[in-house]
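Shown next, in structure tokens, is the structure this report addresses.
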Amino acid sequence: MSKPRQIAVLGATGSIGGSTLDVVARHPERFRASVLTAHRQVEALAALCEQHRPDLAVIGDPALEGELSRRLAAAGVRCEVAAGHDAITAAVSGGQCDTVVAAIVGAAGLDSTLAAARSGKRLLLANKESIVMAGPLLLAALREGGGELIPVDSEHNAIFQCLPGGRPELARSGVRRLVLTASGGPFRGRRRAELAGITPDEACRHPKWSMGRKISVDSATLMNKGLEVIEAHHLFQAAPDAIEVLVHPQSLVHSLVEYVDGSVLAQLGNPDMRTAIAHALAWPERVESGVPPLDLAAHGTLQFETPDLATFRCLALAFQALRAGGDAPAILNAANEVAVAAFLAGGLPFLSIADVVESVLMELPPQAVVDVRSLTERDRAAREAARRILRNAC
Ligand code: NAD
Ligand code: MG
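Residue numbers for the sequence shown follow the UniProt record's numbering, beginning at 1 and rising by one.
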């Protein structure tokens, strides 16, 4: 048997990080968590290090490096410790891993995701914000590095599984459309007027998936599906008109691929991210993930409906940004991150998230995506515009 894959789990203390470590721990002969990173959750990171014994632990906030070292020493864990944003990026490129699970939330994951792509290692992409922001740059980095990207986002992982031979060009594969399914979130079926007083806890109570708070709010506004449409466009080189969203409240069909001969292939499974993660870790092989078998007879009915774009305007805004091209998706993403953080902090009504995103898109017309430096500058400008709009609204 060959040596286990050495896996860097970026965002190890998060929801995807936890699911990844669960799958890794089930297969010690195949996988080993060799690098673990977190932002500020020093206690949780130390506990994970005690359990998984990585070679390197990185805490994003440099002020917490000493505390991490102390906690690890007290627990008798011997591993290298580093701190800071750049240390996370360096860990990805270094010799301590051959596989990178990019599971940091938001634009904060961009540099490490790009570094993973450039390194030629296997990149398991959960951090959708990085490909939304920098799709062309990420694809160029992947080509330069010569490594492989396996999508972890369940819809994209499903599409990957339904396409022939991994990552083909759609037109030559006879694909007509990609159909991304959406659960519809906790507010499916509600009208605008019913969403006025929504609290952060209500928005984060997702009916089917247990996830971090930012993506939970994105699921409630349908911005998550919008980001996924842009993600699918880049990952599979699909034209905006060849991507459709279908609401499917049971979240058992994770997405579909329609071919020109009328065949439609779908991937099904229980709504548990460990399936996509296990697929991406073991690909092209298959390993057990801990997810119970799907019992379709127990579910009985699968429903499908078109999304309500008038109520859930964020999905329409994402399509608009994708069609506008250039760095419009990066502007959309930055404005959304600021608006969602304000909503979670109690400083913005739920329905105003879309208003903020729309205003920032109007204020900053798209420019071409040139390099990371100019993109980061535009990301900063969009955040500033969003904060100003928030201040003026209050
Ligand atoms: P989460 O909030 O549960 O975890 C985020 C992780 O990122 C934590 O470990 C945190 O310490 C780390 N982090 C946050 N800010 C950071 C920073 N500035 N620097 C370094 N590390 C930082 O989030 P999650 O739900 O696990 O989602 C992670 C990513 O995966 C997101 O991009 C999300 O859209 C995507 N995703 C998640 C799910 C899911 O089921 N949770 C499904 C598909 C895609
Ligand atoms: Mg998804």
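Just so you know, even glycine gets a beta-carbon here, dropped at the ideal spot from N, CA and C.
Run of the beta strand (DSSP E) containing residue i, from where it starts to where it stops
i	result
Glu258	Val253 to Tyr259
Glu244	Ile243 to Val247
Ser352	It is not in any beta strand (DSSP E) - Ser352 instead sits in the alpha helix (DSSP H) that spans Ser352 to Glu363.
Arg176	Val175 to Ala182
Phe187	Unbroken run through Phe187: none, as it is neither H nor E.
Thr37	Phe31 to Ala38
Thr199	Taken as a continuous stretch (DSSP letters only), Thr199 belongs to no beta strand (DSSP E), as it is neither H nor E.
Val101	Thr99 to Ala102
Leu170	Looking at the DSSP string, Leu170 is not in any beta strand (DSSP E), and its letter there is neither H nor E.
Leu64	That residue, Leu64, is in no beta strand (DSSP E); it is neither H nor E in DSSP.
Leu149	Leu149 to Pro151
Spatial distance of residue i from residue j (CA atoms)
i	j	result
His206	Pro329	25 Å
Ala310	Glu358	14 Å
Ser255	His279	15 Å
Ile59	Gln6	19 Å
Val217	Trp209	12 Å
His39	Ser183	29 Å
Gly290	Val23	7 Å
Phe31	Leu56	16 Å
Glu29	Lys3	8 Å
Leu235	Gly347	35 Å
Pro200	Ser173	43 Å
Pro151	Ala46	28 Å
Gly326	Ser69	43 Å
Arg177	Leu222	20 Å
Phe319	Val245	11 Å
Gln51	Val77	9 Å
Gly147	Thr99	10 Å
His248	Ala334	28 Å
Backbone secondary structure at residue i - three-state DSSP
i	result
Leu10	strand
Leu163	coil
Glu80	strand
Glu305	strand
Ala335	helix
Val264	strand
Val370	coil
Val42	helix
Arg205	coil
Leu125	strand
Leu344	helix
Pro329	helix
Arg53	coil
Arg213	helix
Arg71	helix
Arg192	helix
Arg5	strand
Ser154	helix
Ser219	helix
Any non-hydrogen atom of the ligand MG within 8 Å of residue i CB
i	result
Asn224	yes
C-beta neighbour in chain E for residue i, strict 9 Å
i	result
Ile243	Of the protein chains in this structure there is only one, and it is not chain E.
For residue i, the first and last residue of its enclosing alpha helix (DSSP H)
i	result
Ser19	Ser15 to Arg26
Ala324	Arg313 to Ala324
Ile88	His85 to Ser93
Val58	Note, Val58: premise wrong, no alpha helix (DSSP H); beta strand (DSSP E) at Leu56 to Ile59.
Pro136	Lys128 to Gly145
Leu296	Leu296 to His299
Leu110	Leu110 to Ser119
Glu231	Met223 to Phe236
Ala280	Arg274 to Ala282
Proximity test, residue i beta-carbon vs the ligand NAD heavy atom, cut-off 8 Å
i	result
Thr37	yes
Ala103	yes
Gln41	yes
Asp295	no
His52	no
Asp86	no
Asp355	no
Ala126	yes
Thr99	no
Leu309	no
Glu129	yes
Arg143	no
Asp22	no
Ser251	no
Met362	no
Ser93	no
Ile16	yes
Thr181	no
Ala108	yes
Asp218	yes
Ser2	no
Legend entry - the ligand MG site residues, beta-carbon cut 6 Å against heavy atoms: Asp153, Ser154, Glu155 and Glu228
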